[in-house]
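Residues are numbered in the working numbering as their position in the sequence shown, beginning at 1, plus a constant of 1. Think of the CB as a built atom: it goes at the ideal place given N, C-alpha and C, for glycine as much as any other residue. Down below is the structure, laid out as structure tokens.
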Amino acid sequence: MCICVQVCTKGNSMTTEIFYFSGSGNSLFIAKYLGERLGNSKLTSIASLNNKTEINCEAQTIGIVFPVYFISIPEYVSDFLKRLKVGKEAYVFVIANAGETVGNTLIHTKKILANKSITMSAAFKVYLPDNSIFFATVKSKHELMMLECENQLKEIIKKIVNKELIVPDKEPIYYAKATANVVKFYCEYILGFDDFIVDAKACIGCGLCERVCPVQNIKLKEGIPKWEDHCTMCFACLHWCPKQAIELKKQKVHQDFQYTNPKIQVQEMIERNND
Numbered sequence: 002m003c004i005c006v007q008v009c010t011k012g013n014s015m016t017t018e019i020f021y022f023s024g025s026g027n028s029l030f031i032a033k034y035l036g037e038r039l040g041n042s043k044l045t046s047i048a049s050l051n052n053k054t055e056i057n058c059e060a061q062t063i064g065i066v067f068p069v070y071f072i073s074i075p076e077y078v079s080d081f082l083k084r085l086k087v088g089k090e091a092y093v094f095v096i097a098n099a100g101e102t103v104g105n106t107l108i109h110t111k112k113i114l115a116n117k118s119i120t121m122s123a124a125f126k127v128y129l130p131d132n133s134i135f136f137a138t139v140k141s142k143h144e145l146m147m148l149e150c151e152n153q154l155k156e157i158i159k160k161i162v163n164k165e166l167i168v169p170d171k172e173p174i175y176y177a178k179a180t181a182n183v184v185k186f187y188c189e190y191i192l193g194f195d196d197f198i199v200d201a202k203a204c205i206g207c208g209l210c211e212r213v214c215p216v217q218n219i220k221l222k223e224g225i226p227k228w229e230d231h232c233t234m235c236f237a238c239l240h241w242c243p244k245q246a247i248e249l250k251k252q253k254v255h256q257d258f259q260y261t262n263p264k265i266q267v268q269e270m271i272e273r274n275n276d
């Protein structure tokens with residue numbers, strides 16, 4: 002989602018706009034945490050900007066918050082950045098969140114921004130439970146990860162307020178973009194991360210999956226969800242389903258597999274995606 006935040010500091014006023022994308026609520030949680038502590042905040046979803054060919058941001062400080070998919074930046078976020086325009090003096094920070102590793106994500110994001118003549122001023126990584134079905138974070142770690150994330154964000158806020166320059170240099174070669182592409186190919190075509198099935202007996206036809214999908218890839222037909230062809234593999238539909246009626250077609254999911262950020266409600270996800 003994208004967030005426009007008016008930030009007030011001691012004796013100084015500046016505007017901050019934070020853009021974020023969220024499926025299970027982690028990135029929304031991060032964005033809200035920042036906005037509430039930096040000052041007056043207005044949140045806007047990247048998903049809500051889907052029909053805009055160009056996004057002009059005049060804020061002095063600009064944040065970009067998103068989850069890591071396949072050890073890289075989600076294509077949906079990458080496409081958004083290619084439509085973004087900012088002022089020459091803008092302080093641009095990026096926060097990538099992952100369950101295990103951010104890989105080459107920050108370097109890749111830096112390059113995308115550079116291609117738009119946007120300079121990355123600072124980049125941060127934080128860790129929250131992974132919502133991946135195949136690589137899920139064990140539930141016993143969730144509470145501690147949330148606590149540690151909040152501690153990280155407190156330090157990040159200080160750096161943002163001081164406009165510290167923290168630019169990534171390079172990552173290990175095994176996190177190259179080619180590696181991310183291989184991982185994505187394996188997850189998409191071998192593991193079937195964008196191929197879902199519905200338990201017709203469990204599904205109640207509530208349409209929550211359709212409403213919470215940030216890319217509007219799901220349509221309810223005769224009370225049963227049907228997926229179109231532009232899934233971003235965020236798993237929002239699968240994790241927010243109140244009856245656990247959605248599963249991966251090619252993979253047997255474990256019991257109690259759902260994860261959503263405990264501080265985010267599904268209705269807020271839906272409303273912000275449609276602002």
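Practice task
From the DSSP output, in three-state form, read off CYS150 for me.
Solution key: helix
Exercise for the section: Answer yes or no: do ALA123 and PHE94 have a C-beta to C-beta separation smaller than 8 Å? Expected result: yes
Practice task
Assuming GLY206 contacts ILE225 (C-beta within less than 8 Å), just tell me the rounded distance between them.
Solution key: 7 Å
Practice task
Specify, as a first and last residue, the run of the alpha helix (DSSP H) that CYS238 falls within.
Solution key: It spans 237-241 - the alpha helix (DSSP H) in which CYS238 sits, taken as one unbroken run.
Problem - Distance CB(CYS214)-CB(ALA246) smaller than 8 Å - result: The answer is no: Cβ separation not under 8 Å.
Problem - Where the alpha helix (DSSP H) through ASN98 begins and ends - result: Element bounds for ASN98: not the alpha helix (DSSP H) but the beta strand (DSSP E), 92-99.
Problem - Cutoff 6 Å; reference GLY64; Cβ partners in own chain excluding five residues on either side - result: Excluding residues within five positions, the ones whose Cβ falls inside 6 Å are ILE19 and PHE94.
Practice task
Compare the Cα-Cα distances from TYR70 to each of ASN51, LEU85 and ASN98 and report the closest residue.
Solution key: The shortest Cα separation from TYR70 among ASN51, LEU85 and ASN98 belongs to ASN98.
Practice task
Put CYS58 into one of helix, strand or coil per three-state DSSP.
Solution key: strand
Exercise for the section: Look up PHE197 in the DSSP assignment and say whether it is helix, strand or coil. Expected result: strand
Practice task
Check each candidate in LEU39, VAL66 and PRO130 and name the one with the smallest Cα separation from ASN262.
Solution key: Closest option to ASN262, Cα to Cα, is PRO130.
Handout entry: Per-residue DSSP class, three states only, for GLY36
Key = Looking at GLY36 - three-state DSSP - the assignment turns out to be helix.
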